[in-house]
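Q: Provided herewith is a single structure, encoded as structure tokens, for subsequent inquiry.
Numbering (full-length UniProt numbering), first residue to last: 1 to 461.
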């Protein structure tokens with residue numbers, strides 16, 4: 001009898017989510033929210049991984065090259081969890097700022113965006129089309145500046161925002177709104193990212209993209225891309241033929257609802273209810289997953305599952321979140337990582353870990369966007385007249401033992417390597433040196449008593 005009890009107990013531990021945090025703990029108000037044990041472990045793993053990658057150029061050790069097209073999404077969605085981490089754990093805000101900056105560096109690697117140019121879609125990866133990449137880059141710029149007050153990417157953010165707005169205005173004169181991913185392929189979820197990046201720019205600089213270009217895109221989404229019966233969004237639009245593909249994707253809807261809620265809260269709440277009614281697969285009282293597609297692929301889908309976590313957090317649904325969390329952490333065998341922290345045993349653990357962690361952390365876009373981050377807003381819009389896309393992205397790949405692409409001889413004369421300082425960056429010491437040059441002239445030295453030191457201007461040009 002004792003042996004049977006032991007076997008039952010072991011089976012229960014293998015099957016039931018015993019030892020996992022109560023799902024309600026992830027939904028505590030920010031003022032009382034603390035990082036859960038699984039979040040602490042996963043954050044340690046994510047931070048160590050990006051810290052290592054910050055010192056290895058364009059090497060992405062452990063990242064599945066067969067999934068390289070998805071690296072952009074892994075980096076971006078991992079980064080979208082950083083603002084929530086800053087709010088939950090403000091004592092570690094500086095470390096999170098460092099992590100966020102490193103993620104932007106990695107996002108700018110040619111290995112991340114090169115699929116667009118390598119496939120012949122264009123020689124320029126961000127001036128037109130490719131919203132599936134540049135929308136995420138722009139939102140990362142915006143969230144970084146909003147949450148940290150650091151303006152090192154302000155000119156890059158402004159330049160890319162202006163290109164997005166120009167493209168939106170161009171299409172406004174034609175048959176559709178928004179921006180395509182590849183030529184003749186338009187997706188709701190990718191445009192949801194782009195318009196949020198414009199909305200954050202408005203919040204920082206007082207511009208009015210939300211009332212114009214963003215609203216045009218929202219109207220098109222709701223008029224042409226939303227199913228009347230379910231309130232869910234269609235798969236894609238093809239402008240050259242003016243054709244809507246009316247499949248209803250699980251992952252695309254979870255993603256879209258999450259990022260459109262700040263703009264259309266009531267409509268998206270109704271659509272979320274339809275999402276849970278039509279696209280959620282339940283497995284008893286403790287587990288669930290998300291369908292790949294409402295009609296053509298009604299079985300569970302791993303990518304849809306990950307975005308389902310995001311939607312459940314955004315729409316304050318601890319019941320569904322708990323079931324999805326149980327499934328991913330149990331099926332993925334979340335456990336200790338070799339170099340510390342926690343990771344999944346899945347072969348694509350590197351790609352999953354940060355995305356799942358960010359979903360667990362997510363406190364809701366309204367909370368993030370309306371939070372008082374304690375930084376003064378910029379006083380003027382940066383001048384970008386001298387910038388081109390080459391000033392944002394490196395045209396080469398820099399990897400160890402790659403003699404074809406040696407590092408630049410000088411970051412002052414050549415485009416910086418992926419892990420040189422990016423943007424209009426000046427350290428505190430550089431700025432102090434500049435201030436000394438500006439304030440302490442030979443004439444003023446005698447008047448105000450300041451001392452003139454010989455400064456190495458090469459350091460801060």
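Glycine residues also receive a C-beta, built at the ideal position from the N, C-alpha and C atoms.
Leaving out the 5 sequence neighbours to the left and right, which residues in its chain are closer than 7 Å to residue 207 when beta-carbon positions are compared?
A: Contacts found: 201.
Q: Look at the Cβ atom of residue 290, then the Cβ atom of residue 254, and state whether they are nearer than 8 Å.
A: Yes, they are a contact pair.
Q: For residue 31 and residue 371, I'd like the C-alpha separation in whole angstroms.
A: Each residue's Cα considered, the two are about 12 Å apart.
Q: Measure the CB-CB distance between residue 144 and residue 150 and report whether it falls below 8 Å.
A: Yes; because the gap between Cβ atoms is below 8 Å, this pair is in contact.
Q: Please return the same chain residues whose Cβ sits closer than 8 Å to the Cβ of residue 169, not counting the five positions on each side in sequence.
A: Cβ within range, chain order: 213.
Q: Note down the Cα distance separating residue 270 from residue 276, rounded to an integer number of angstroms.
A: Going from the Cα of residue 270 to the Cα of residue 276 covers about 10 Å.
Q: Residue 160 to residue 71, Cα distance in whole Å?
A: Distance between the alpha carbons of residue 160 and residue 71: 21 Å.
Q: Buried or exposed for residue 295, going by 16 or more other Cβ atoms inside 10 Å?
A: Result: exposed.
Q: For residue 140 and residue 197, I'd like the C-alpha separation in whole angstroms.
A: Computed Cα separation, rounded: 8 Å.
Q: Tell me which same chain residues have a C-beta within less than 6 Å of the C-beta of residue 97, skipping the five on either side of it?
A: Closer than 6 Å at Cβ, skipping near neighbours: 148.
Q: Nearest-angstrom Cα distance between residue 2 and residue 262?
A: Since pLDDT at residue 2 reaches only 49, below the 50 mark, its modelled position is unreliable, and the value read off the structure follows with that caveat. When rounded, the distance between both Cα atoms is 55 Å.
Q: Along the chain, where does the alpha helix (DSSP H) containing residue 126 start, and where does it finish?
A: Where residue 126 is concerned, there is no enclosing alpha helix (DSSP H), given that its DSSP letter is neither H nor E.
Q: Looking at the strands, I want to know which residues DSSP matches up with residue 182.
A: Residue 182 pairs with 185.
Q: For residue 363, which three-state DSSP category applies?
A: It is coil, neither helix nor strand.
Q: Taking its Cβ as the centre, do 16 or more other Cβ atoms sit within 10 Å of residue 55, making it buried, or is it exposed?
A: Residue 55 should be labelled exposed.
Q: I want to know whether the stretch 362 to 371 touches the stretch 301 to 314 - three or more CB-CB distances under 8 Å.
A: As far as the Cβ criterion goes, the stretch 362 to 371 touches the stretch 301 to 314, which means the pair count is three or higher.
Q: Classify residue 336 as helix, strand or coil using the three-state DSSP reduction.
A: In the structure shown, residue 336 sits in a strand (DSSP, three-state: E or B).
Q: In the DSSP assignment, find the beta strand (DSSP E) that holds residue 238 and state where it starts and stops.
A: Residues 236 to 238.
Q: I'd like to know whether the C-beta atoms of residue 189 and residue 252 end up nearer to each other than 8 Å.
A: Yes. Within cutoff.
Q: Can you give the Cα-Cα distance for residue 452 and residue 357, rounded to whole angstroms?
A: The predicted position of residue 452 is uncertain, since its pLDDT is 39 and thus under 50; no value can be drawn from it.
Q: Note down, in chain order, each residue of its chain lying with its Cβ closer than 6 Å to the Cβ of residue 343, except the 5 sequence neighbours on either side.
A: Excluding positions up to five away in sequence, the list reads 45, 337, 349, 353.
Q: Near residue 121, what residues of its chain come up, given a Cβ to Cβ distance below 8 Å and the 5 sequence neighbours on each side ignored?
A: Here the set comprises 129, 130, 182, 183.
Q: My understanding is that residue 395 touches residue 155, with C-beta atoms under 8 Å, so please give their C-beta distance in whole angstroms.
A: Actually they do not touch by this definition, with Cβ atoms about 19 Å apart.
Q: Roughly how many angstroms lie between the CA atoms of residue 38 and residue 48, to the nearest whole one?
A: Looking at the two C-alpha atoms, the distance is approximately 16 Å.
Q: Would you tell me roughly how many angstroms separate the C-alpha atoms of residue 20 and residue 388, rounded to the nearest one?
A: If you take the alpha carbons of residue 20 and residue 388, they lie about 49 Å apart.
Q: If you draw a straight line from the C-alpha of residue 376 to the C-alpha of residue 34, how long is it?
A: Answer to the nearest angstrom: the Cα atoms are 27 Å apart.
Q: Less than 8 Å between the C-beta atoms of residue 86 and residue 50, yes or no?
A: Result no, Cβ atoms of residue 86 and residue 50 do not sit closer than 8 Å.
Q: State yes or no: is the C-beta of residue 20 nearer than 7 Å to some heavy atom of the ligand ATP?
A: Among the components of this structure there are no ligands whatsoever, and the ligand ATP is therefore not found.
Q: Which residues in the same chain as residue 330 place their Cβ atom closer than 7 Å to its Cβ, once the five residues preceding and following it in sequence are excluded?
A: Once the five neighbours on either side are set aside, the close Cβ partners of residue 330 are 17.
Q: Check each candidate in 22, 205, 345 and name the one with the smallest Cα separation from residue 162.
A: Closest by alpha carbon: 205.
Q: Check whether the Cβ atoms of residue 325 and residue 309 sit closer than 8 Å, and answer yes or no.
A: Going by C-beta atoms, residue 325 is nearer than 8 Å to residue 309.
Q: Taking only beta-carbon positions, decide if residue 305 is within less than 8 Å of chain C.
A: Here chain C cannot be found, since the structure has a single protein chain.
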